[in-house]
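Undergrad: Whatever position you read off the sequence shown (first residue = 1), add 9 for the numbering used here.
Glycine included, every Cβ here is placed at the ideal spot set by N, Cα and C.
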Amino acid sequence: MLFIVSTAVKVGKGGISSALVGFTQSRVLQKYGFRTVSSHSENQKRRLFLSAYRTLRKEVTPEDTAWLHCGPWLSLFRKWLLALAVKRSGGKVIYHFHSAKMEAYLLSRWGRLLIRLMLRSADGVLVLTPWWQRLFERKLGPLNCPIAVIGNPLGVELENIAHQPAIDKQTGGEINILAMARLLEQKGVADVIHALKRLPEYYVLTVAGSGPHEDELKQQVKKLQLSSRVKFLGWVDYDKKLAVIEQADVFCLPSRYDSFGMGFIEAMAAGLPVVALRQGAVPDVVLDDETGVLVNDVSPATLAVAIQKAYANRAQFAHNGKQHVLKNYVSETLAESFIQFNESIVRQRK
Numbered sequence: 010m011l012f013i014v015s016t017a018v019k020v021g022k023g024g025i026s027s028a029l030v031g032f033t034q035s036r037v038l039q040k041y042g043f044r045t046v047s048s049h050s051e052n053q054k055r056r057l058f059l060s061a062y063r064t065l066r067k068e069v070t071p072e073d074t075a076w077l078h079c080g081p082w083l084s085l086f087r088k089w090l091l092a093l094a095v096k097r098s099g100g101k102v103i104y105h106f107h108s109a110k111m112e113a114y115l116l117s118r119w120g121r122l123l124i125r126l127m128l129r130s131a132d133g134v135l136v137l138t139p140w141w142q143r144l145f146e147r148k149l150g151p152l153n154c155p156i157a158v159i160g161n162p163l164g165v166e167l168e169n170i171a172h173q174p175a176i177d178k179q180t181g182g183e184i185n186i187l188a189m190a191r192l193l194e195q196k197g198v199a200d201v202i203h204a205l206k207r208l209p210e211y212y213v214l215t216v217a218g219s220g221p222h223e224d225e226l227k228q229q230v231k232k233l234q235l236s237s238r239v240k241f242l243g244w245v246d247y248d249k250k251l252a253v254i255e256q257a258d259v260f261c262l263p264s265r266y267d268s269f270g271m272g273f274i275e276a277m278a279a280g281l282p283v284v285a286l287r288q289g290a291v292p293d294v295v296l297d298d299e300t301g302v303l304v305n306d307v308s309p310a311t312l313a314v315a316i317q318k319a320y321a322n323r324a325q326f327a328h329n330g331k332q333h334v335l336k337n338y339v340s341e342t343l344a345e346s347f348i349q350f351n352e353s354i355v356r357q358r359k
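(1) By the three-class DSSP mapping on this structure, what secondary structure does T300 have?
(2) Taking only the alpha-carbon atoms, compute the straight-line gap between D246 and M189 and give it to the nearest angstrom.
(3) Along the beta strand (DSSP E) that carries N185, what are the first and last residues, could you check?
(4) Given that a residue counts as buried once 16 or more other Cβ atoms are within 10 Å of its Cβ, and exposed if not, what is F145?
(5) Give the DSSP-derived three-state secondary structure of Y212 in the structure shown.
(6) Excluding sequence positions up to five away, which residues of its chain have a Cβ less than 7 Å from the Cβ of F58?
(7) How is the beta strand (DSSP E) around L233 delimited, first residue to last?
(8) Would you decide whether H172 is buried or exposed? Buried here means 16 or more other CB atoms lie within 10 Å of its CB.
(9) Within the chosen definition, does the region 275 to 285 reach the region 304 to 320 through at least 3 CB pairs nearer than 8 Å?
(10) What does H105 pair with, by DSSP beta-bridge criteria?
(11) Report the three-state DSSP secondary structure of V245 (helix, strand or coil).
(12) Which residues mark the beginning and the end of the beta strand (DSSP E) in which V158 is found?
(13) Are the CB atoms of E352 and N329 nearer to each other than 7 Å?
(14) Tell me whether I124 is buried or exposed, calling it buried when 16 or more other Cβ atoms sit within 10 Å of its Cβ.
(15) What distance in whole Å lies between the Cβ atoms of I13 and T45, which are believed to be in contact at a cut-off of 8 Å?
(16) Tell me, which residues are paired with V284 by DSSP?
(17) Could you say which of C154, H78, A113, A278 lies nearest to H107 if we only look at CA atoms?
(18) Which whole-angstrom value describes the C-beta separation of V165 and I202, a residue pair presumed to lie in contact below a C-beta threshold of 8 Å?
(19) Sort Y41, S27, E183 by Cα distance to A344 and report the nearest one.
(20) By how many angstroms is the C-alpha of E183 removed from the C-alpha of A157?
(21) By DSSP, does H49 sit in helix, in strand, or in coil?
(22) If you compare alpha carbons, which of I354, A92, E341, F260 is closest to R129?
(23) Nearest to A113 by alpha carbon, out of P139, K148, A61, P263?
(24) Ordered along the chain, which non-local residues of its own chain (more than five positions away) have a Cβ less than 6 Å from that of S15?
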């Protein structure tokens, strides 16, 4: 049995919650056999963690694997404790790292020390893109277990949309820029608002998300006298996300804090050109001048030009983006890759 251990799937406000939807919908993985175990949620962290620990300690056997999806420090610590429960039961442990903060941890001497300690319990390590694999191998040296790249998959609904031809929605009216993310300062939404000031008035911005930076962003909009051109939707639940994406013409998120960017592949699946910052793992996901435009800085002038370029090339970028996600982020393909990775570990353990 495969135990998928993570934050609550589909209902959380982080990328892991959305990323696991595609895996849990996979027919290949359903046939293989899995059980989801929620390690925490926003309102039930302690209770769910204790329940997860008891479940893994009691039900895991030596034939089983726990696939633990890790966020930043507290999530890492929880998953490490849960991994120890799995190892005490004789099971196998695969860590899948999702947090952008892993870069800072790997660049820190103490961070590397703690990650090495954590990985002593690992039978396998998964990361989201080749950039992450190179960083892990460069900073940690040879690992005592195999490491591989398995990205985040699309959910079935967005995957179906990706198979459909892109539709140019523009009829000569407003051009709608979408920035959808948890509203943290590092996500770059403030930079998009500043860029909007540089764009013609028929460019408008929709901000979908919530977070600690939300009030400051709203004050910024008022200060720049952009209230008539910026709409804040608040947090958009997973089931309503596609409807929001389909109303947009360009997806712009020059984030300095992304390990992968579920929003990028969701936007490309729906045929939106993407504007993003050339940093970290992002160029593995958003292909510059193919599926969108990558910028080297987030100045208003640079972003404004990039948004206009993305919109001008929307037909080609939309076609390329759909092909890109269908090639790399289909749930069945990624689920099969995971199964092969897990089976290789099983063979090594025999």
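TA: Taking the geometry as given:
(1) Coil at T300, not helix or strand.
(2) Rounded to the nearest angstrom, the two C-alpha atoms are 12 Å apart.
(3) Where N185 is concerned, the enclosing beta strand (DSSP E) stretches over 184 to 189.
(4) F145 is buried by the Cβ-count criterion.
(5) Of the three classes helix, strand and coil, the one that applies to Y212 here is strand, per DSSP.
(6) Residues S48, H49, R87 of the same chain have their beta carbon placed closer than 7 Å to that of F58, with the five preceding and five following residues left out of the count.
(7) Element bounds for L233: n/a, residue is neither H nor E.
(8) Answer is exposed; the Cβ neighbour count stays below 16.
(9) Contact check between the region 275 to 285 and the region 304 to 320: three or more CB pairs, one atom from each, fall below 8 Å, which counts as touching.
(10) The partner list for H105 (beta bridge, DSSP) reads H78, L135.
(11) It is coil, neither helix nor strand.
(12) Note, V158: beta strand (DSSP E), 156 to 158.
(13) No, Cβ-Cβ distance for E352 and N329 is not below 7 Å.
(14) With 16 or more other Cβ atoms within 10 Å, it is buried.
(15) That pair is a contact at about 5 Å.
(16) DSSP, once it has assigned bridges, lists C261, V302 as partnering V284.
(17) Selected option, being the one with the closest Cα: H78.
(18) V165 to I202, Cβ: 33 Å. No contact.
(19) Put simply, of Y41, S27, E183 the residue whose alpha carbon is nearest the alpha carbon of A344 is Y41.
(20) A157 and E183 have their C-alpha atoms spaced approximately 44 Å apart.
(21) Strand, per DSSP.
(22) Of the listed residues, the one whose Cα sits closest to R129 is A92.
(23) When only C-alpha atoms are compared, the closest one is K148.
(24) I25, L29, H78, listed in sequence order.
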